[in-house]
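With numbering that gives the first Met the number 0 as the guide, the letters of the sequence shown map in order to residues 0 to 222.
Heads up, the beta-carbon is just placed ideally off N, CA and C, and yes, glycines get one too.
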Amino acid sequence: MTMKKRVLIWSGFIVLLAIIVLVMVQMVNMDSGALEETIQQESLRTEIPDLLQPRPDDRMKGNPDAAVVVVKYSDFQCPACRFYASFDDQLSTELEDDVLFIYRHFPLRSFPFARLAAQYAEAAGEQGKFWEMHDLIYINQQYWSQGGAEDVFRQFAEMLELDLDQLREDLAHPVLNDRIQSDYESGVELGVNAVPTLFINGNQVRNPNSLDAYRNLINSYLD
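Spelled out as structure tokens, the structure:
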């Protein structure tokens with residue numbers, strides 16, 4: 000065997016060895032990442048459950064004594080949130096005795112009318128119409144998200160036959176904004192950085208990609 004062939008063989012062996020080492024390092028990193036994610040999930044369940052307990056001022060629907068509690072941090076102007084709102088409506092009807100759904104505000108700065116929408120929903124809630132306003136805002140998201148949002152929200156208030164004088168007073172009251180900010184801050188403390196973010200019985204879960212997947216996910220907590 001010539002010297003040149005020996006060099007080529009050894010060079011190929013070294014390259015192969017380097018590839019094997021690189022793959023092993025990547026596998027270790029992947030395992031470490033999975034372990035870190037597991038530790039974070041365990042930390043979520045054991046260190047901060049109080050933040051995910053139902054609060055007196057939460058906007059809730061379903062059975063207060065349900066075995067499953069779904070807490071959702073959401074933004075009224077977020078298109079993905081609109082997608083999941085329709086899921087919640089259907090599942091809250093199907094599973095009304097088994098699940099408590101809690102809506103918490105997490106208005107993002109990237110959506111300029113999100114906080115205003117939250118304010119109108121909360122003001123409607125002061126007159127017992129939070130969920131009705133919630134549904135109108137999401138269903139008609141495309142009509143107000145480009146501008147003229149406040150005019151549209153006032154029209155919704157009229158459609159819901161709200162007391163408009165009381166609505167104006169509630170919109171100006173700091174307690175309403177404090178409630179929205181309290182939701183937002185609790186989300187930040189929980190590590191929420193995107194919307195929607197779902198927690199089921201204290202566990203942050205990946206967003207299901209369909210109604211059936213969402214239903215199956217909830218049912219897994221009922222089994």
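Inter-residue CB distance, ARG91 and VAL98 (contact presumed, cutoff 8 angstroms): Counting from one through the sequence shown, the residue named residue 91 turns up at place 92. Counting from one through the sequence shown, the residue named residue 98 turns up at place 99. The sequence shown places Ser at residue 91, not Arg. Rounded, the Cβ-Cβ distance is 7 angstroms, consistent with contact.
Spatial distance of GLU149 from ARG205 (CA atoms): Here residue 149 refers to the residue found at position 150 when the sequence shown is read from its first residue. Here residue 205 refers to the residue found at position 206 when the sequence shown is read from its first residue. Rounded to the nearest angstrom, the two C-alpha atoms are 33 angstroms apart.
C-alpha distance - LEU166 paired with ILE136, whole-angstrom precision: Here the question's residue 166 lines up with position 167 in the sequence shown. Here the question's residue 136 lines up with position 137 in the sequence shown. Rounded to whole angstroms, LEU166 to ILE136 spans 16 angstroms at the Cα level.
Between the CA atoms of ASP164 and LEU216 - distance to the nearest angstrom: Here the question's residue 216 lines up with position 217 in the sequence shown. Here the question's residue 164 lines up with position 165 in the sequence shown. Cα to Cα, LEU216 sits roughly 43 angstroms from ASP164.
Buried or exposed by the 16-neighbour rule on C-beta atoms within 10 Å, applied to VAL6: Numbered from 1 along the sequence shown, position 7 holds the residue referred to as residue 6. Low confidence applies here, because VAL6 scores a pLDDT of 37, under 50, leaving its location unreliable; read the following figure in that light. An exposed status is given to VAL6, since fewer than 16 other beta-carbon atoms sit within 10 Å of its beta-carbon.
Buried or exposed by the 16-neighbour rule on C-beta atoms within 10 Å, applied to HIS104: To locate residue 104, count along the sequence shown from 1; it is residue 105. Classification of HIS104: buried, given that the 10 Å Cβ count is 16 or more.
Sub-8 angstroms separation of LEU175 and GLU121 beta-carbons: The residue you call residue 175 lines up with position 176 of the sequence shown. The residue you call residue 121 lines up with position 122 of the sequence shown. In contact: LEU175 and GLU121 (Cβ atoms closer than 8 angstroms).
GLN118, buried or exposed, once every other Cβ within 10 Å from all chains shown has been counted against 16: Numbered from 1 along the sequence shown, position 119 holds the residue referred to as residue 118. That one is buried.
Same chain only: Cβ atoms within 6 angstroms of TYR213, ignoring 5 sequence neighbours per side: Translated into positions along the sequence shown, residue 213 becomes position 214. These residues qualify, in order along the chain: PHE86, PRO207.
Which of helix, strand or coil DSSP assigns to PHE100: Looking up residue 100 in the sequence shown gives position 101. Three-state DSSP puts PHE100 in a strand.
Residue span of the beta strand (DSSP E) that contains PHE223, given as start and end: Shown here, the chain extends from 0 to 222; a query on residue 223 therefore has no answer.
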